[in-house]
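Using full-length UniProt numbering, the first residue of the sequence shown is number 1, and each one after it goes up by one.
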Amino acid sequence: MTSSKVTTTSLPTEQFVYKGFTFYHFLIHGEEGFRFEVVASHREIEMVNHIIPRHRNVMPPARALMYVALPKQDREGLGRLICGSLYEWSPGRSLADLLDQSPQTGKGFPSSLKAKWCLQLCEAMTHVHTAAHNWHQVLKPPNVLLDSEQNIIVVDWEQCGATPFVLAPEAAGTLDVRKSSEEISSGRPRLIHSKYAGPRRRNQESSPIGRSSPVRVKAIH
């Protein structure tokens with residue numbers, strides 16, 4: 001998918017981020033790769049608009065949906081294809097940008113700010129796990145934005161294509177995990193990890209295709 005900063009004629013004073021796909025993606029990725037882009041985009045829209053209840057540190061629902069008209073023979077009763085969405089523009093930068101600049105400037109981050117980020121990230125993921133019964137598959141600094149008050153906003157909710165460098169070992173396929181009969185506390189079994197030595201495997205889905213429900217978001221004009 002692609003992301004770009006945009007404005008609209010109806011709201012010229014507001015700034016948005018367009019996130020979605022274009023015909024260019026079809027030209028460079030082909031039909032299969034383009035289908036991946038479409039379903040991943042729709043999956044994220046479904047996640048932030050329907051699955052995850054609102055939280056101050058989680059990417060808010062789309063302000064508007066963008067669509068293209070389909071040829072009459074391909075409409076299947078829909079008439080248009082959602083090709084992306086407009087999200088509120090965050091004036092801050094990503095956490096990755098700040099971390100990359102820190103060695104160059106020689107300036108670190110105050111302990112109070114790091115504690116604030118850690119707390120907000122824990123609160124956001126606890127909310128996603130408990131209220132939405134869901135997860136974030138690519139939780140890494142580039143997917144953590146900062147607003148004007150240095151509060152974090154977790155973005156990128158397609159839930160596909162996670163790199164093994166940011167995955168738990170058992171999800172990346174390098175370790176196996178099993179429950180032990182020994183308990184570390186009341187009702188909580190001890191988890192035992194062992195190194196996996198079999199043929200190469202992939203425990204997480206690299207594609208969202210086949211597990212994305214139809215997008216039910218009403219387009220805003």
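Note that the Cβ used here is the ideal one computed from N, Cα and C, for glycine as well. In this text, all values refer to a predicted model and were calculated from it rather than measured experimentally.
Inset, instruction - Report yes or no: do the region 90 to 102 and the region 39 to 58 share at least 3 C-beta pairs separated by less than 8 Å? - result: When C-beta atoms of the region 90 to 102 are compared with those of the region 39 to 58, fewer than three pairs fall below 8 Å, so the two segments do not count as touching.
Inset, instruction - Could you round the C-beta distance between TYR87 and ARG63 to whole angstroms and report it? I think they count as a contact, below 8 Å. - result: Confirmed, Cβ separation roughly 7 Å.
Legend entry - Cβ shell of GLN120 (< 7 Å), same chain only, five flanking positions each side left out: In the same chain as GLN120, and ignoring 5 residues on each side of it, the C-beta atoms closer than 7 Å to its own belong to ASN57, ASN151, ILE152, in chain order.
Legend entry - Cα-Cα separation between ALA131 and ILE52, rounded to whole angstroms: ALA131 and ILE52: Cα-Cα distance of roughly 7 Å.
Inset, instruction - Leaving aside the five residues before and after LEU146 along the sequence, list all residues of the same chain whose C-beta is less than 8 Å from its C-beta, in chain order. - result: Within its own chain, the residues whose Cβ lies closer than 8 Å to the Cβ of LEU146, once the five positions on either side in sequence are excluded, are SER90, GLY92, ARG93, SER94, LEU95, LEU98, ILE152, ILE153, listed in chain order.
Legend entry - Through-space distance from LYS195 to SER185, alpha-carbon basis: Rounded to the nearest angstrom, the gap between the Cα atoms of SER185 and LYS195 is 25 Å.
Legend entry - Inside the region 105 to 188 only - alpha helix (DSSP H) runs reaching at least 4 residues: Fully enclosed alpha helix (DSSP H) runs of 4 or longer: 111 to 131, 169 to 172.
Legend entry - Terminal residues of the beta strand (DSSP E) in which TYR24 lies: Going by DSSP, TYR24 is part of no beta strand (DSSP E) but of the alpha helix (DSSP H) stretching over 23 to 46.
Inset, instruction - Provide the residue span of the beta strand (DSSP E) that contains SER85, from first to last. - result: Here the beta strand (DSSP E) through SER85 covers 80 to 88.
Legend entry - With 16 other Cβ atoms within 10 Å as the buried cut-off, status of HIS221: Bear in mind that a pLDDT of 34 at HIS221, under 50, signals an unreliable position, so the model cannot answer this.
Inset, instruction - For my contact list, MET66 and ALA40 are in at a C-beta cut-off of 8 Å; report their separation, rounded to the angstrom. - result: Between MET66 and ALA40 the beta-carbon gap is near 15 Å, outside 8 Å, which marks them as no contact.
Legend entry - Straight-line Cα distance separating CYS160 from PHE36: In a straight line, the C-alpha of PHE36 is about 10 Å away from that of CYS160.
Inset, instruction - Let me know if VAL177 comes out buried or exposed under the rule of 16 or more other beta-carbons within 10 Å of its beta-carbon. - result: By the neighbour-count rule (16 or more Cβ atoms within 10 Å), VAL177 is not buried but exposed.
Inset, instruction - Within 10 angstroms of the Cβ of ALA115, are there 16 or more other Cβ atoms? Answer buried if so, exposed if not. - result: ALA115 is exposed by the Cβ-count criterion.
Legend entry - Residues bridged to HIS50 (per DSSP): DSSP output for HIS50 lists no bridge partner at all.
Legend entry - Cβ pair TRP135, MET59 closer than 8 Å: Against a cut-off of 8 Å, the Cβ pair of MET59 and TRP135 comes out as no contact.
Inset, instruction - Following the continuous beta strand (DSSP E) through SER4, name the residue where it begins and the one where it ends. - result: It spans 2 to 6 - the beta strand (DSSP E) in which SER4 sits, taken as one unbroken run.
Inset, instruction - Go through its chain and collect everything with a Cβ distance to HIS129's Cβ below 8 Å, but skip five positions before and after it. - result: Result list for HIS129: TRP135, in chain order.
Legend entry - For SER148 and GLU182, the rounded distance between their alpha carbons: If you draw a straight line from the Cα of GLU182 to the Cα of SER148, it comes to about 48 Å.
Inset, instruction - For my contact list, ARG190 and SER180 are in at a C-beta cut-off of 8 Å; report their separation, rounded to the angstrom. - result: Rounded, the Cβ-Cβ distance is 4 Å, consistent with contact.
Inset, instruction - Could you spell out the range, first to last residue, of the beta strand (DSSP E) harbouring TYR196? - result: Counting along the chain, TYR196 sits inside no beta strand (DSSP E), nor does DSSP assign it H or E at all.
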